[in-house]
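Let me begin by presenting the structure, written as structure tokens, before commenting on it.
In my numbering, the protein residues as written are -1 to 608.
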């Protein structure tokens, strides 16, 4: 009777705490930040879901503008994010349409997957405690488990991504954080109850995570490697391990196949022609950037400073750097260093099976975090732009290291004396709570910001969303007449970057224009400073055009700069394009001269010809 009553109390405590965390999370983030604001004001993912429900991958056969994070593939408009989030939202929207209630609130979909993450994280940590042994149960297990859950879901940077402003790209990064957390949870569940079926399912899930964000390949790779090591240690079955790698590869290939059908190349993710409304970033993605040749030491120094020291060091080499970088702090750096230092001690052979299982759990968790961190560090080392939200990708790698160190510390409290174990656990929780506040005190400001009305949610109610959706659908489906020649002050169709229409027709680092697809593009421009050396290059969608001819008109100076020399250059391709509309991008300056600011180029006209 006593055991039954205790189980009821335990279950009630779990439910109460679970509901409290969910309501806290929803109430103090953008999910329920204002009444009725359950729809994102940005349609990227919704438009992709709508296209998928119609059996299409592309959003529209017509160019509907140089809008941020949309791109033209030659055959239609697409969004540059992966298909992972639209596929996760697809069942909800399909059910809503079947019931006659569309669109389904995308904030609620995100809320659902947050609940899934919290449930699986609880199960994963519970499985880890089962591996540690019966000494770690009861109040201590309950308290530490929920502390770790709160550390992940309320700590930096996951809560920060859903605070003051949640654009669709921040939601995309947040979905990546959710997925990486779920992969670690499933790894712990598998280590508790290893089976061939669960191993293969874990490997396939790790590969499919690639659909959400390319950086999730780091977490997928770490998951497959650590699960394979554990499987081989337990079963000595090399065939099963190789089959797991095959399943992981099949999961990754799904994304590559989608890339091929969307962009014509399995290894093209759309970023090389993505429009960001930031000319230097658009130039970097298409033509290169100085920081890609940055020495390893200074590039590493800048990235470490960006991660842990709020970018206190910046390389003198140009790189687009955006916003605040206070993502992690020195505590996380200490966790990283300590995890690297302790890794060999947990990978060494142990005398007893129980010690072997305990050490294996902690050692493989450390491996998971360090492998993920290493791959992400290599990916962002020479990345063309740096923003705090990008660095959020490192969150679960560092959280995994922290949680593994917590589990390692619990081994010090191993005792058959329940009173002693409880007191040690209570003291340990007090220390962890202090660490939680210290590491997340900047993040906790969102409570005060919310109370003062400082949360910028970018969310809409249903009627507002439907109005925006109808307007966008009309713009997507309209047929646009594209002229073969555009002159200065003749506003290009859907042209929003690179040409200063109201001024002197000067341009930024790159110019992006929709024109009929042709073999050749002729560019007529002037340079306001005669001593400036240009490196004019033209890209038609994903393909470079070659310079075939140059003419100078010294007797025809530019209208705004009398000393300027007018130049006409023609760029051509041997093959004619297989589509009717092309997105031409012109890069004006050499890669080494890329910088923020104005460029001494005046664009007079562009025209296409065969």
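Just so you know, even glycine gets a beta-carbon here, dropped at the ideal spot from N, CA and C.
Check: DSSP-derived helix/strand/coil call for residue 570; Outcome: strand
Check: Within 8 angstroms, strictly: CB atoms of residue 395 and residue 374; Outcome: yes
Check: Run of the alpha helix (DSSP H) containing residue 547, from where it starts to where it stops; Outcome: It is not in any alpha helix (DSSP H) - residue 547 instead sits in the beta strand (DSSP E) that spans 541 to 551.
Check: Cut-off 6 angstroms between Cβ atoms - residues of its own chain near residue 209, not counting five sequence neighbours on either side; Outcome: 80, 81, 82, 253
Check: Test item: CB-CB of residue 298 and residue 379 under 8 angstroms; Outcome: yes
Check: DSSP three-state assignment for residue 504, whether helix, strand or coil; Outcome: strand
Check: Nearest to residue 152 (by Cα), restricted to the options 19, 503, 475, 47; Outcome: 19
Check: Residue from 574, 338, 520, 40 whose Cα sits closest to the Cα of residue 609; Outcome: Residue 609 lies beyond the range of the chain shown here (-1 to 608); nothing can be said about it.
Check: Reference residue 120; option with closest CA among 565, 141, 39, 522; Outcome: 141
Check: Residues sharing a beta bridge with residue 64, DSSP; Outcome: Per DSSP, none; premise fails for residue 64.
Check: Residue 184 beta carbon less than 8 angstroms from that of residue 217; Outcome: no
Check: Supposed close pair residue 531, residue 584 - CB separation, criterion 8 angstroms; Outcome: So it is not a contact: roughly 16 angstroms between Cβ atoms.
Check: Residue 384 (DSSP reduced to helix, strand or coil); Outcome: strand
Check: The stretch 237 to 253 in contact with the stretch 188 to 198 per 3-pair CB rule at 8 angstroms; Outcome: yes
Check: Whole-angstrom C-beta distance between residue 228 and residue 236, which should lie under 8 angstroms; Outcome: The pair is not a contact, with the Cβ atoms about 14 angstroms apart (cut-off 8 angstroms).
Check: Under the three-state DSSP convention, the category residue 593 falls into; Outcome: coil
Check: Host alpha helix (DSSP H) of residue 150 (start-end); Outcome: 137 to 152
Check: Proximity of residue 107 and residue 77 at Cβ, strictly below 8 angstroms; Outcome: no
Check: Residue 232 - DSSP class collapsed to helix/strand/coil; Outcome: helix
Check: In DSSP terms, what residue 16 is bridged to; Outcome: Its beta-bridge partners do not exist; DSSP assigns none.
Check: Identity of the residue in 590, 320, 572, 332 nearest residue 607 by Cα; Outcome: 572
Check: Endpoints, alpha helix (DSSP H) assigned at residue 341; Outcome: 328 to 345
Check: Beta-carbon gap between residue 345 and residue 405 smaller than 8 angstroms; Outcome: no
Check: Contact check, residue 66 vs residue 273, beta carbons under 8 angstroms; Outcome: yes
Check: Exposure of residue 284, with buried meaning 16 or more beta-carbon neighbours within 10 Å; Outcome: buried
Check: Residues near residue 90 in its chain [Cβ-Cβ closer than 7 angstroms; skip 5 each side]; Outcome: 102, 107
Check: Where residue 320 sits in the DSSP three-state scheme; Outcome: strand
Check: Where residue 453 falls, given that 16 or more other Cβ within 10 Å makes a residue buried; Outcome: The predicted position of residue 453 is uncertain, since its pLDDT is 45 and thus under 50; a value taken from the coordinates is nonetheless stated next. When all chains shown are included, residue 453 counts as buried.
Check: Segment limits, beta strand (DSSP E) that includes residue 44; Outcome: Segment 42 to 51 is the alpha helix (DSSP H) holding residue 44; no beta strand (DSSP E) there.
Check: Enclosing beta strand (DSSP E) for residue 578 [first to last residue]; Outcome: Here residue 578 belongs to no beta strand (DSSP E), and DSSP marks it neither H nor E.
Check: One or two residues paired with residue 564 in a DSSP bridge; Outcome: 524, 551
Check: Cβ pair count under 8 angstroms reaching 3, the stretch 306 to 316 against the stretch 276 to 293; Outcome: yes
Check: Exposure of residue 110, with buried meaning 16 or more beta-carbon neighbours within 10 Å; Outcome: exposed
Check: Local Cβ density within 10 Å of residue 177, reported as buried at 16 or more and exposed below that; Outcome: buried
Check: Cβ-Cβ distance between residue 504 and residue 280 below 8 angstroms; Outcome: no
Check: Backbone secondary structure at residue 366 - three-state DSSP; Outcome: helix
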